[in-house]
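Novice: With the UniProt record's numbering as the guide, the letters of the sequence shown map in order to residues 1 to 1250.
Ideal Cβ positions, reconstructed from N, Cα and C, are used throughout, including at glycine.
The structure presented is a predicted model; accordingly, all values stated were derived computationally and were not measured.
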Amino acid sequence: MHFFRLVATRNHANICAIFRISWPYLKLINIRKNCTLKSSASSFYFHDLLQWTDEYQSNIRDSLLFLPNFINEHEEQLLIDEVQRRLKTMRYENAHWDDAIVNYREIEKSTWENENAKIIEKIRRTAFTADADHQERVHVLDLEKTGWIKPHVDSIRYCGDVVAGLCLLSDAVMRFRNVKNSNQIVDLLVERRGLYIMRGFARYEFTHEILKNDESSFAGSTVKIHKTVRWVVLSLTADVELTCLPRRFFSRMDVRNRREFVKQILKIQSTPEFVRNVCLMAHVDHGKTTLADSLISANGIISQKMIGTLRYMDSLAEEQQRGITMKSSSISLLYRNEYDSFLINLVDSPGHVDFSGEVCAAAVLCDGAVVLIDVIEGVCPQTSASLRLAWKEGLKPCIVLNKIDRLFVEYRMNPMDAYRRLVQVLEQANAVAGELFVSREIEKEDFLSRRRRSMSRSSLRKSESAEEMLYFMPETGNVVFASALDNWGFRLRDFARFWSKRLQTEEELLLQALWGDYYIDSKTKLPVFGASDKGKNPLFVVMILNNLSAIYDAMIINAEKGRIEKILNSLQLDVVGKEFAKSDSRQRLQIVMSRWLPLAECVLGMVCELLPSPKHLDNDRIERIMCGDRFAHCDCLEPKARAMKPLFKECSMEVDCATTLFISKMIAVEEDLLRGKNKFMLPNSVECNYWLQAADKVEPSTGQCVFLGFARIFTGNLFSGDVLHWIPDYAMVQSGNATLREITIGQLYVLMGREFEAVDQVCAGNLVCIGGVQDLVARTATLSTDFNCPPLCDSGFYAKPIVQVSVEPKNTRDLPALVRGLKMLNLADGCVQALVEDSGEHVLTAVGEIHLHRCIKDLCDRFANGIDLVISDPVVPFNETIVPVTPAVVDSTNETTTTTSTQSEKVDRSITVTTAGRTITIVTEAVPLPEPIQQILEENEPLIAMIDPVTNRIDVTGNTAGRLASIRDGFDEIREQLVNVCSNLGKQWSNIVQRLWAFGPRRAVVNLLLNDIDDYVRPNFFDILLDQHFDSRTGLRQYDQSIVAGFHICCKAGPICEEPIRGVAFLVKSWDSVDNVDCMESIFGPLSGQLIVAMKEGCREAFQAQPQRLMLPMYTCIIQATGDVLGRVYSVLHRRSGKVINEEMKEGTNLFQIVASIPVVECFGFADDLRKRASGLAWPQLVFSHWEVLTMDPFRLPTADDEISHHGEKVEWENSAMRYVNMIRKRKGLSVNEKIVQHAEKQRTRAKKV
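1) Residues in its own chain within less than 6 angstroms of Thr902 by CB, not counting five upstream and five downstream?
2) Counting along the chain, where does the alpha helix (DSSP H) carrying Cys1050 start and finish?
3) Can the beta-carbon of Gly147 be found closer than 8 angstroms to that of Cys167?
4) So, is Asn1011 buried or exposed, given that buried needs 16 or more other C-beta atoms within 10 angstroms?
5) What does a CB cutoff of less than 6 angstroms around Leu599 pick up in its chain, not counting 5 residues either side in sequence?
6) Cα-Cα, which of Ala1004, Gly848 and Asp873 is closest to Asn879?
7) Among Val1068, Lys305, Glu938 and Arg1033, which residue has its Cα nearest to the Cα of Thr951?
8) What is the DSSP secondary structure of Phe206, reduced to helix, strand or coil?
9) Round the Cβ separation of Ile1224 and Glu1059 to the nearest angstrom and send it over; I've been treating them as touching at under 8 angstroms.
10) Going by DSSP, name the residue or residues bridged to Lys1139.
11) Would you please state the rounded distance, in angstroms, between the beta carbons of Leu724 and Thr785? I believe it to be under 8 angstroms.
12) Leaving out five residues before and five after Leu792 in sequence, what residues of the same chain have Cβ atoms less than 6 angstroms from its Cβ?
13) Would you report the Cα separation of Ile268 and Cys608, rounded to the nearest angstrom?
14) To which residues of the same chain is Glu319 closer than 8 angstroms at the C-beta, ignoring the five residues directly before and after it?
15) Label Gln704 either buried or exposed according to how many other C-beta atoms from any shown protein chain fall within 10 Å of its C-beta, with 16 as the threshold for buried.
16) Applying the 10 Å Cβ sphere with the 16-neighbour rule, what's the burial state of Gly220?
17) Taking all protein chains shown into account, decide if Asn1233 is buried (16 or more other Cβ within 10 angstroms of its Cβ) or exposed.
18) According to DSSP, is Lys118 part of a helix, a strand, or is it coil?
19) Name, in chain order, the residues that DSSP records as bridge partners for Cys1057.
20) By DSSP, does Ala418 sit in helix, in strand, or in coil?
21) Tell me which same chain residues have a C-beta within less than 6 angstroms of the C-beta of Ile1024, skipping the five on either side of it?
22) Suppose the cutoff is 6 angstroms on Cβ atoms and the five residues either side in sequence are ignored; what does the same chain contact list for Pro68 look like?
23) Does Thr715 come out as helix, strand or coil in the three-state DSSP assignment?
24) Tell me where the alpha helix (DSSP H) around Gly1035 begins and ends.
25) Comparing alpha-carbon positions, which option in Ile71, Phe206, Ala926 and Thr111 lies nearest Lys1069?
26) Could you tell me the alpha carbon to alpha carbon distance between Tyr690 and Met90, rounded to whole angstroms?
27) With DSSP as the reference, label Val819 as helix, strand or coil.
28) Would you kindly work out how many angstroms separate the C-alpha atoms of Thr919 and Met1111, rounded to a whole number?
29) What whole-angstrom Cβ distance do Ile936 and Met946 have, given they're in contact under 8 angstroms?
30) Threshold first: 3 residues or longer. Then list the beta strand (DSSP E) segments lying entirely within the stretch 514-556, N to C.
31) Threshold first: 3 residues or longer. Then list the beta strand (DSSP E) segments lying entirely within the stretch 372-431, N to C.
32) Using 8 angstroms for Cβ pairs, my map puts Ala1156 next to Lys1139. What's the rounded Cβ distance?
33) Can you confirm whether Cys608, when its beta carbon is compared against all beta carbons of chain D, has any partner nearer than 8 angstroms?
34) Would you check if the distance between the CB atom of Leu978 and the CB atom of Leu1026 is smaller than 8 angstroms?
35) Leaving out the 5 sequence neighbours to the left and right, which residues in its chain are closer than 6 angstroms to Glu1101 when beta-carbon positions are compared?
36) Provide the residue span of the alpha helix (DSSP H) that contains Glu338, from first to last.
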């Protein structure tokens, strides 16, 4: 970040300011040789001359210059007046993002008034050469009178190699201290309106600070800041060669400028074996973003003290406010071990289920996953979902057992209890991994049997090794024990290496014994199994946890200065006394632990050692990328597409190799951010904090929003300006929208968390943001220079959008702008659905309440800014169904209880309808669909939705032979499942495969149309589904498709409240027509249309002839709460119609986990209500799980005298089903059977006659 810094106090007459401007790509210049400038000797004061050699003094004077009276009083006042207009609306902050400034406020400024622009240009001409390529941004820093700047060395990324500063309104003292020799101190007296220039030796080898007012002195004389001191500081960077460092991490301060850092990234990008693409996954609040802060801090991008509070990867204001990640973001980090340098593309993904689409978009681009688990909460729903997603995408997982500090600090566990808790959590994770492995093997075996293949011995051996690699075993190195907040972590090998030297034992032998029931035999000094039998503690407790517990006890729980010094001496840690003394207990602990067990080195070392590079992916991962199915094989592809598999496996970057990439999502970015005019503000900076606390006072950004494609390059090299072909996916091919298009690649960017580094080239195996594709790409896309490339990475979302709102503009003239905004929102968020209903209503559908709130905020603030919108209350979809007919008795609570009598089952509930011309008669009946059949249809909904509703078959045009084979296998599996299930459901369903006429339409798939017509032997549905040679005119009865069309129309809008029908089978028992029906068409319209209407009405009446019910979408609600608030939790659940399924206590803690089922319609405001009632001691997680029938009859009213006397005339208000129906019908503008006036009396308009 290049900036211009100004410092000022609240009082206009008492201001301290620093102005700083940066020039990024300049060569270092010798100011003494280019300018006849000299420093006054009286400006310097050297402390303890015995520490200074003549050479060092000369170097300081050459690299640190001061020019008195650089500007006059009038120019000084002009600068003050211009910046004061913005600063006066801001508040002062106590801590800077890099912890270098105290009591400050800051802004950024790129344009200046004419007179001030001349002053800035004057500084540039004095300090730099004429060909300086500078940025326009100016960083203005404002220090309060009690504020100061701590000792620090400015980061090259945010400042420059040459810094020029102008002091205004008062004198100040700047102190320089040698980084390597703290006794070498020199003070610079910066006089009012003077200019100092710092570069080279003084710039890099010395820390600099502005002294506090009560410490400010020069050569023994006090220099009080009685008026404000202002500094105008300009900086530039130089091309400096990167030197080899003995430490393991590249730091941004080690790389002397941004260009050099990007060069280093591009250099490692060209060697894919040293690249790692890693995704951070976890349940919400398990510490992903804190871990990301720790890893970023290791590269010198942020201060170590800001870990856990900065949340550098959360760039959205709402992310900072809520404290959760909502958008996946990537950053490139550099890491060096003893042998090689690595580039790690780290992707931080959300943990909340509402944003699971972002997790899928991130996982599909990565090759490995680091899954975090909170050792207190254990394996939570999103933990299991993350492991399942990693397994589905073929990512190699590692885990980090995080928040171990809570075991000692919060729960005060002894080391043995902490060990038992760690074992429990690891067993939970391995249980999930085992379930995934077993289910995968079963599914794979079924798939191969359908393909008429048998598993060979080699495949079995491969599965066994895959099972071994899947489980998490600390001795293999794929488990890290950590506390991200305290910035420490370790693997077993770290302690095995230490203790093997101490005990003179083999490191590998000790490594295998550190985790498990082992102890050290006192005679042989070797690990022996059976510690519990001998009454001894395991080695993990003795050698590791005892030490950790002692450190936390000495530094946090029972802080004792003597024990702390003893710990420092035993760990041989060199801690700066001043820094250590001024920190609080937690900061002291973080300093000690981060230097003893650095978390970043441990995690990044595990990533580089165990996770695969883009050049070493296994065969399953390659086939998953190319085919989009876990069990599909490249043999299903066309020969030319199959020939690309070696290129993917080798991550080929040859000149003649095709360039192939996959865009997993689109990122909405303000255009100014890409031009470098308005870099992301760090969340602890002044402007951002002021924006978060008083957002209504901040002017919205006027920059236009552009979209970048977040992509992974699989083969070839991508350059700006390349022309690639858009490869349509199979769904677009079937819909007929697969027109061939070419896309010209715009500017390329490397995503660095909050910033975008522009580059000209990106190599295969790396992540990149691509400009210029927003008009041609809808969410995801495959781009390639080879026409034969198959569509890649069929990424799916495991959370369905369920919550809806309708959106409309107050002014109808703004409707085009709203439509444009909805399209942009639909492009920016992969999980949102923005569509137009048949009624013309614009509907926005989101996954959950938080996701919906974020989408509405984005629409109002970014994509449809300036439009007054009318947004309805959130609504959820319902379904309509029927239930079996049984005699019912209503109890006193208006609930039904069934009897065992079967007499009513013999009642014929068939419905007979005729067309308008009285020429065709249809007899239909509706019956409930058994639950096993519904489950089969629901699991295969995406496959069934591929059927064309016009032809009732699948369009084979444009599909490859391999793709058609895969589709045919899928429907063969459906047929086989239906046969197996229906054989156990009785005679009525035994021959369902032969009688099947059609599945339900899209959005109402879980319905069937069955043929019960005696004289119409229809061809088997599955046989003609993919038969491109089948002629419907000769093989089917005339107007066969009209019957299907009427069935589809009825299923889309049921008779209760025009919601989709679900779980119903419609039987066509008769289809009779008179002779010469064609002569009637001219009077009543086409016969096909008459038949569609008749079939629709017949299905609706048949539906109404059965007991009708509503179906509610249900959330599975998982609540973690402490024992003392369980009663309040149950109260909230009961008030919102929730049903508790399970309750268990987490062993070793006072936390209870409650699993409940709750209707989605009752969940609006549920989290806030629960948090208030439970005083913040309960945390819910809502995941859509299933549809549930509401047993209450929506049309039941009291009729008998005893019912009216018992319930009253207004019993319908107690009928929740009727309440839901009336709510839906009102929203849709349908008639509602309810009293408008409840208590009426005659109006009296005349005076009573006397």
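Specialist: For this structure:
1) Numbered from 1 along the sequence shown, position 902 holds the residue referred to as residue 902. Any reading at Thr902 is ruled out, since the residue's pLDDT is 42, under 50, leaving its predicted position unreliable.
2) The residue you call residue 1050 lines up with position 1050 of the sequence shown. Run containing Cys1050: Asp1040 to Lys1052, per the alpha helix (DSSP H) assignment.
3) Here residue 147 corresponds to residue number 147 of the sequence shown, with the count starting at 1. Here residue 167 corresponds to residue number 167 of the sequence shown, with the count starting at 1. Cβ atoms of Gly147 and Cys167: not closer than 8 angstroms.
4) Sequence index remark: in the sequence shown, residue 1011 carries index 1011 (1-based). Buried, since its Cβ has 16 or more Cβ neighbours within 10 Å.
5) Translated into positions along the sequence shown, residue 599 becomes position 599. Apart from sequence neighbours up to five positions away, the residues of its chain that approach Leu599 with a beta-carbon distance below 6 angstroms are Ser294, Ala482, Asn487, Trp488 and Gly489, ordered along the chain.
6) Counting from one through the sequence shown, the residue named residue 879 turns up at place 879. Selected option, being the one with the closest Cα: Ala1004.
7) Stepping through the sequence shown from its first residue, residue 951 is reached at position 951. Of Val1068, Lys305, Glu938 and Arg1033, the residue nearest in Cα terms is Arg1033.
8) By 1-based counting over the sequence shown, the position of residue 206 is 206. DSSP places Phe206 in the strand class (E or B) of the three-state scheme.
9) As a first step, residue 1224 is located in the sequence shown; it is residue number 1224 there, counting from the start. As a first step, residue 1059 is located in the sequence shown; it is residue number 1059 there, counting from the start. That belief holds up - the Cβ atoms of Ile1224 and Glu1059 are roughly 7 angstroms apart, short of 8 angstroms.
10) One-based indexing of the sequence shown puts residue 1139 at position 1139. Answer is Ser1157, bridged to Lys1139.
11) One-based indexing of the sequence shown puts residue 724 at position 724. One-based indexing of the sequence shown puts residue 785 at position 785. 6 angstroms between Cβ atoms; contact.
12) Sequence index remark: in the sequence shown, residue 792 carries index 792 (1-based). Excluding residues within five positions, the ones whose Cβ falls inside 6 angstroms are Ile625, Phe662 and Thr782.
13) Your numbering for residue 268 matches position 268 in the sequence shown. Your numbering for residue 608 matches position 608 in the sequence shown. Approximately 13 angstroms, taken between the alpha carbons.
14) Working through the sequence shown from its first residue, we reach residue 319 at position 319. Once the five neighbours on either side are set aside, the close Cβ partners of Glu319 are Arg311, Thr325, Met326 and Lys327.
15) Within the sequence shown, the letter at position 704 stands for residue 704. The residue is exposed, with fewer than 16 neighbouring Cβ atoms inside 10 Å.
16) The sequence position of residue 220 within the sequence shown is 220, counting from 1. Label assigned to Gly220: exposed.
17) Looking up residue 1233 in the sequence shown gives position 1233. It is exposed - the Cβ of Asn1233 has fewer than 16 other Cβ atoms within 10 Å.
18) In the sequence shown, counting from the first residue as 1, residue 118 sits at position 118. Correct three-state label for Lys118: helix.
19) Translated into positions along the sequence shown, residue 1057 becomes position 1057. None; Cys1057 has no bridge partner.
20) Sequence index remark: in the sequence shown, residue 418 carries index 418 (1-based). DSSP places Ala418 in helix when its eight states are reduced to three.
21) Start at 1 with the first residue of the sequence shown, and residue 1024 comes out as number 1024. Hits under 6 angstroms: Phe1030.
22) For the purposes of this step, residue 68 is taken as residue 68 along the sequence shown, with counting starting at 1. Same-chain partners within the cutoff: Glu191 and Gly194.
23) As a first step, residue 715 is located in the sequence shown; it is residue number 715 there, counting from the start. Three-state result, Thr715: strand.
24) Your numbering for residue 1035 matches position 1035 in the sequence shown. Run containing Gly1035: Ser1032 to Gly1035, per the alpha helix (DSSP H) assignment.
25) Walking along the sequence shown from the start, residue 1069 turns up at place 1069. Lys1069 has its Cα closest to that of Ala926, out of Ile71, Phe206, Ala926 and Thr111.
26) For the purposes of this step, residue 690 is identified with residue 690 of the sequence shown, where counting begins at 1. For the purposes of this step, residue 90 is identified with residue 90 of the sequence shown, where counting begins at 1. For Tyr690, the predicted model reports a pLDDT of 26, less than 50, meaning its position is unreliable; a value from the coordinates is still stated below. Going by the C-alpha atoms only, they are around 7 angstroms apart.
27) If you number the sequence shown from 1, residue 819 lands on position 819. Reduced to three states, the DSSP call for Val819 is helix.
28) Within the sequence shown, numbered from 1, the residue matching residue 919 stands at position 919. Within the sequence shown, numbered from 1, the residue matching residue 1111 stands at position 1111. The alpha-carbon atoms of Thr919 and Met1111 are separated by roughly 37 angstroms.
29) Your numbering for residue 936 matches position 936 in the sequence shown. Your numbering for residue 946 matches position 946 in the sequence shown. Between Met946 and Ile936 the Cβ distance is about 16 angstroms, and since that is not below 8 angstroms, they are no contact.
30) 518-520 and 527-529
31) 396-402
32) To locate residue 1156, count along the sequence shown from 1; it is residue 1156. To locate residue 1139, count along the sequence shown from 1; it is residue 1139. Between Lys1139 and Ala1156 the Cβ distance is about 6 angstroms, and since that is below 8 angstroms, they are a contact.
33) The structure shown contains no chain D; it is built from a single protein chain.
34) Taking the first residue of the sequence shown as position 1, residue 978 is located at position 978. Taking the first residue of the sequence shown as position 1, residue 1026 is located at position 1026. No; because the gap between Cβ atoms is not below 8 angstroms, this pair is not in contact.
35) Start at 1 with the first residue of the sequence shown, and residue 1101 comes out as number 1101. Closer than 6 angstroms at Cβ, skipping near neighbours: Ile911.
36) Walking along the sequence shown from the start, residue 338 turns up at place 338. Taken as a continuous stretch (DSSP letters only), Glu338 belongs to no alpha helix (DSSP H), as it is neither H nor E.
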